[in-house]
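Let me begin by presenting the structure, written as structure tokens, before commenting on it.
Number of protein chains: 2
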Amino acid sequence: MPVGTQGTVKGVTPQQLKELNAQIVLSNTYHLHLRPGDELIKSFGGLHKFMNWSGPILTDSGGYQIFSLTKLRKMSEEGVTFQSHIDGSPIQLTPEKVIKIQENLGVDIMMVLDECLGYPAEREAVKKSLELTTRWAKRAKVAKVREEVSIFGIVQGGMYLDLRLESAQALVEIGFDGYAIGGLSVGEPPQMMYDIAEKIAPVLPQDKIRYLMGVGTPVDLVEAVSRGIDLFDCVIPTRSARFGRLFTKSGPLNIRNKEHRSSPDPVQNDCECYACRNFSRAYLSHLIHAKEVLFVTLASIHNLHFYQSLVLRMREEIVAGSFAEFKAEFLRSYRGELEGDARE
Amino acid sequence: MPVGTQGTVKGVTPQQLKELNAQIVLSNTYHLHLRPGDELIKSFGGLHKFMNWSGPILTDSGGYQIFSLTKLRKMSEEGVTFQSHIDGSPIQLTPEKVIKIQENLGVDIMMVLDECLGYPAEREAVKKSLELTTRWAKRAKVAKVREEVSIFGIVQGGMYLDLRLESAQALVEIGFDGYAIGGLSVGEPPQMMYDIAEKIAPVLPQDKIRYLMGVGTPVDLVEAVSRGIDLFDCVIPTRSARFGRLFTKSGPLNIRNKEHRSSPDPVQNDCECYACRNFSRAYLSHLIHAKEVLFVTLASIHNLHFYQSLVLRMREEIVAGSFAEFKAEFLRSYRGELEGDARE
């Protein structure tokens, strides 16, 4: 799903997002709590109305931002206190408060507060952390008031498979509407992430959504879907777009490269997105060199369309029973003509 | 008309521009000659195709940018030599070359190369300059090859009414498809600009377009239309938008101001633009404080819609014979509730 941390998917209007057939967007609890404030958004009838998005919204719990953006963090059984990355003011988030914030936002899927460690991390630290995350998950579920809203647990356990299994089993015992695998895509080799997805997805309930958080590249999506993952969120399509990295079936290209300056071709020949139907690589190259904001919009539309099409295609191939062939063909084509490294 | 110096109106797609009922856009000869190059654009079948704009395009001659952006200018009878503001490389533009560039771009309305002086300027310098501009205008008309393209002359003469009249008469003698009044909005008091428009518009042919270049605020447009001006170009709607200055019938507002942070109102209550139909001032305030690029798009859409609506309304009032009443009412309302100075 497209990621819109601050109540907008960067560079595109909700109307353009609808035209891209985006079904669900992610917003970030941490960012919206700090600015403009979840109470303000509640007074506007919730985040759907505030940002003019009528489709489903999932909010992550803020755990990732707390551990990546803030300074002077202090963990306790109760929760985590830290300084706002905007003005340094002190903030405490607890599992209960994070649910309250998400209920204020009025979203459709809430995530529990978790502790997100980096890679690598010591086994003992990971074990202690996942046990705390499990206790927090229990408290989050108890704190939930709104019946109609879904709540997802987050499997932690670093790169230790037995700890991952322990975390998954504990969460399944508590019982959630869906299960995320968190704490991946934090610097580990891709194969390590695939291995964990492969081992954890099967122990999660087959009738619930399995969500791989913060992932990933087009290759990551294909690899993870083949291991049983249903849902992803990632900034890659929009962030890469802003840096001129545009996705195609034969790998990403850097539109800043000289070869595109006089190319009459669209980014991808058979692409049906607004950018490819109407503009050449040469025009996009001109826009990015001239630092025109329209570049951000057109590039984001293209990359989001690429991701949406990829996911739709995978769904069709699964239904048709031909996913394995599709995967082999996709990887061959995508990895065949890379400009440098395909991973972000 | 919306201004898109580099082959795009900043922050909006051509599709959004069409939805705003924009009929003509301005692009800048100087910028496009330097980057990506008019020969490249010609090889793409012209600027309409390159930027995906099927409506009319007018290009200004580059005179204004030469005198505002470049260093080490050297004027001669032949033309002007200067250093590119991008890489310092030496460039010469002559009246003939500027026509050639515009014909390469394949635009609908070309402007002649003129010398654009600042304010204030000595009478003798202004006189010398306008005489050179007149000789250049003659050469430009001779240099024009493409029959189907319109060419407009540019009246200069600074703030000296007799020199303005001399310039206008000389241009009318040469004969152009339309006439611009240039060298205004360069720092002089607004009343001085209105006075010159008032005196010059009547001496220009009644069956040709009279175009006031680089103007202006909503008040400027109303004042100038009441003095016989038909066409304007200005960066104000989009540039103001980027700085958070949004136009309303009761004057511009600064969306950064605290009072808008929790306002559920649209920028303007009866406005039919995409931004006002879907978003509150509070959301726009959030976007600009969070430095979200979506702000630029929504704010630009609103301001362009304000200008388009204003011009459409003026046309209707002229046809209905009620322009004078409209003007009085507009100015009363617009100047009544200003946040600071209504002029940009």
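Protein sequence lines correspond, in order, to chains A and B.
57 is the number that this note's numbering gives to position 57 of the first sequence; each next residue is one higher, with no gaps.
Convert by adding 344 to the 1-based position in the second sequence; the result is the number in this note's numbering.
Ideal Cβ positions, reconstructed from N, Cα and C, are used throughout, including at glycine.
Legend entry - chain B contacts made by the region 271-301 of chain A, where a contact means CB separation under 8 Å: Y274, N278, F279, S280, A282, Y283, S285, H286, L287, H289, A290, E292, V293, L294, V296, T297 and L298
Inset, instruction - For B:M455, decide whether its Cβ has a neighbour in chain A, counting only Cβ atoms nearer than 8 Å. - result: The sequence position of residue 455 of chain B within the second sequence is 111, counting from 1. So no, B:M455 is outside the interface.
Inset, instruction - Under 9 Å between beta-carbons, which chain B residues line up against A:K10? List them in chain order, please. - result: Counted from its first residue, the first sequence places residue 10 of chain A at position 10. What A:K10 touches in chain B: E636, V637 and L638.
Inset, instruction - Residues of the region 245-265 of chain A with a CB closer than 8 Å to any CB of chain B: list them in chain order, please. - result: R261, S262 and P264
Inset, instruction - Would you check if there are 3 or more beta carbon pairs closer than 8 Å linking the region 595-603 of chain B to the region 626-645 of chain B? - result: yes
Legend entry - Check whether B:S473 and B:Q446 have beta carbons under 8 Å apart: Here residue 473 of chain B corresponds to residue number 129 of the second sequence, with the count starting at 1. Here residue 446 of chain B corresponds to residue number 102 of the second sequence, with the count starting at 1. No.
Legend entry - Under the three-state DSSP convention, the category B:I495 falls into: Stepping through the second sequence from its first residue, residue 495 of chain B is reached at position 151. In the structure shown, B:I495 sits in a strand (DSSP, three-state: E or B).
Legend entry - First through last residue of the beta strand (DSSP E) which encompasses A:P90: Counting from 1 along the first sequence, the entry for residue 90 of chain A is found at position 90. Note, A:P90: beta strand (DSSP E), P90 to L93.
Legend entry - Beta-carbon contacts of B:K418 that lie in its chain and below 8 Å, excluding the five residues immediately before and after: Translated into positions along the second sequence, residue 418 of chain B becomes position 74. So the qualifying residues of the chain are V424, T425 and F426.
Inset, instruction - Return the CA-CA distance between B:F623 and A:H48, expressed in angstroms with no decimal places. - result: Sequence index remark: in the second sequence, residue 623 of chain B carries index 279 (1-based). Sequence index remark: in the first sequence, residue 48 of chain A carries index 48 (1-based). Straight-line Cα distance between these residues: approximately 11 Å.
Inset, instruction - Identify the continuous beta strand (DSSP E) that holds A:V25 and give its terminal residues. - result: Walking along the first sequence from the start, residue 25 of chain A turns up at place 25. V25 to N28 is the span of the beta strand (DSSP E), which, as asked, contains A:V25.
Legend entry - Distance CB(A:G11)-CB(B:V637) smaller than 8 Å: Locating residue 11 of chain A in the first sequence gives position 11, where the first residue counts as 1. Locating residue 637 of chain B in the second sequence gives position 293, where the first residue counts as 1. Contact flag set, yes.
Inset, instruction - Pull out every residue of the region 42-62 of chain A whose Cβ sits closer than 7 Å to any Cβ of chain B, in chain order. - result: F44, F50, M51 and N52
Inset, instruction - Go ahead and label A:M1 buried or exposed: buried means 16 or more other beta carbons lie within 10 angstroms of its beta carbon, across all protein chains shown. - result: Sequence index remark: in the first sequence, residue 1 of chain A carries index 1 (1-based). The residue is buried, with at least 16 neighbouring Cβ atoms inside 10 Å.
Inset, instruction - Take B:F388 and list the residues in its own chain whose beta-carbon comes closer than 7 Å to its own, dropping the five residues that flank it on each side. - result: Reading the second sequence from its first residue, position 44 is the one you call residue 388 of chain B. Closer than 7 Å at the Cβ level, and outside the excluded window around B:F388, lie F394.
Inset, instruction - Would you mind giving the Cβ-Cβ distance between A:L20 and A:I301, rounded to the nearest angstrom? I have them listed as a contact below 8 Å. - result: Taking the first residue of the first sequence as position 1, residue 20 of chain A is located at position 20. Taking the first residue of the first sequence as position 1, residue 301 of chain A is located at position 301. About 7 Å; that satisfies the 8 Å criterion.
Inset, instruction - Mind checking which residues open and close the alpha helix (DSSP H) that includes A:I59? - result: As a first step, residue 59 of chain A must be located in the first sequence, where it is residue number 59. Checking the sequence, you will find Thr at residue 59 of chain A rather than Ile. Premise fails: A:T59 lies in the beta strand (DSSP E), I57 to D60, not in any alpha helix (DSSP H).
Legend entry - Closer than 8 Å to chain B by CB, A:Q351: Since the first and last residues shown for chain A are 1 and 344, residue 351 of chain A lies out of range.
Legend entry - C-beta contact flag for B:L378 and B:S428 at 8 Å: If you number the second sequence from 1, residue 378 of chain B lands on position 34. If you number the second sequence from 1, residue 428 of chain B lands on position 84. It is a contact, given that the beta carbons lie within the stated cut-off.
Inset, instruction - For the beta strand (DSSP E) holding B:Q427, just list the boundary residues, first then last. - result: Residue numbering aside, residue 427 of chain B sits at position 83 when the second sequence is read from its first letter. Taken as a continuous stretch (DSSP letters only), the beta strand (DSSP E) holding B:Q427 covers V424 to Q427.
Inset, instruction - From the DSSP output, read off the bridge partner residues of B:C578. - result: For the purposes of this step, residue 578 of chain B is taken as residue 234 along the second sequence, with counting starting at 1. Paired residue(s): B:P346.
Legend entry - Closer than 7 Å at the beta carbon, the chain B residues around A:R164: In the first sequence, counting from the first residue as 1, residue 164 of chain A sits at position 164. In chain order: nothing, as chain B lies at least about 35 Å away.
Inset, instruction - Pick out whichever of A:G187, A:V3 and A:L298 has its Cα sitting closest to the Cα of A:A121. - result: Position 121 of the first sequence, counting from 1, holds the residue named residue 121 of chain A. For the residues A:G187, A:V3 and A:L298, the minimum Cα distance to A:A121 belongs to A:G187.
Inset, instruction - Note down the Cα distance separating B:V353 from B:P581, rounded to an integer number of angstroms. - result: Numbered from 1 along the second sequence, position 9 holds the residue referred to as residue 353 of chain B. Numbered from 1 along the second sequence, position 237 holds the residue referred to as residue 581 of chain B. Their backbone Cα atoms lie some 10 Å apart in a straight line.
Legend entry - Three-state class that DSSP yields for B:M557 in the structure shown: As a working note, residue 557 of chain B is residue 213 in the second sequence. Three-state result, B:M557: coil.
Inset, instruction - Using a Cβ cut-off of 9 Å, pull out every chain B residue sitting near A:L40, in sequence order please. - result: Translated into positions along the first sequence, residue 40 of chain A becomes position 40. Per Cβ cutoff of 9 Å: R605, S606, A626 and H630.
Inset, instruction - Check whether the Cβ atoms of B:I443 and B:P400 lie closer than 8 Å to each other. - result: Here residue 443 of chain B refers to the residue found at position 99 when the second sequence is read from its first residue. Here residue 400 of chain B refers to the residue found at position 56 when the second sequence is read from its first residue. No, Cβ-Cβ distance for B:I443 and B:P400 is not below 8 Å.
Inset, instruction - Sort A:D87, A:L93, A:A241 and A:I66 by Cα distance to A:E78 and report the nearest one. - result: Taking the first residue of the first sequence as position 1, residue 78 of chain A is located at position 78. Comparing Cα positions, the closest option is A:L93.
Inset, instruction - Please check if any C-beta of chain A sits within less than 8 Å of the C-beta of B:F670. - result: Taking the first residue of the second sequence as position 1, residue 670 of chain B is located at position 326. No - not a single Cβ of chain A is within 8 Å of the one on B:F670.
Inset, instruction - Quick one: grab the DSSP three-state call for A:G336. - result: Mapped onto the first sequence, residue 336 of chain A falls at position 336. Note: A:G336 maps to helix in three-state DSSP.
Inset, instruction - Might you give, ordered along the chain, the residues of its own chain that have their beta carbon closer than 6 Å to the beta carbon of A:D341, omitting 5 neighbours on each side? - result: Counting from 1 along the first sequence, the entry for residue 341 of chain A is found at position 341. Caution is warranted here: a pLDDT of 45 is assigned to A:D341, below 50, making its placement in the model unreliable, and the coordinate value is therefore given only provisionally. Counting only Cβ-Cβ distances below 6 Å, and skipping sequence neighbours, we find nothing.
Legend entry - Beta-carbon gap between B:G560 and B:C578 smaller than 8 Å: To locate residue 560 of chain B, count along the second sequence from 1; it is residue 216. To locate residue 578 of chain B, count along the second sequence from 1; it is residue 234. The answer is yes: Cβ separation under 8 Å.
Legend entry - Proximity test, Cβ basis, 8 Å: A:Y70 and chain B: Within the first sequence, the letter at position 70 stands for residue 70 of chain A. Residue identity check: residue 70 of chain A is Thr in the sequence provided, not Tyr. Chain B contact via Cβ: absent.
Legend entry - Sheet register partners of B:G522 (DSSP bridge): Within the second sequence, numbered from 1, the residue matching residue 522 of chain B stands at position 178. DSSP lists B:F496 and B:I553 as partners of B:G522.
Legend entry - Beta-carbon spacing of B:F587, B:P562 below 8 Å: By 1-based counting over the second sequence, the position of residue 587 of chain B is 243. By 1-based counting over the second sequence, the position of residue 562 of chain B is 218. For B:F587 and B:P562, no; Cβs fall outside 8 Å.
Inset, instruction - Check whether the Cβ atoms of B:I643 and B:A585 lie closer than 8 Å to each other. - result: Taking the second sequence and counting its residues from 1, one reaches residue 643 of chain B at position 299. Taking the second sequence and counting its residues from 1, one reaches residue 585 of chain B at position 241. Looking at the sequence provided, one finds Ala at residue 643 of chain B rather than Ile. Against a cut-off of 8 Å, the Cβ pair of B:A585 and B:A643 comes out as a contact.
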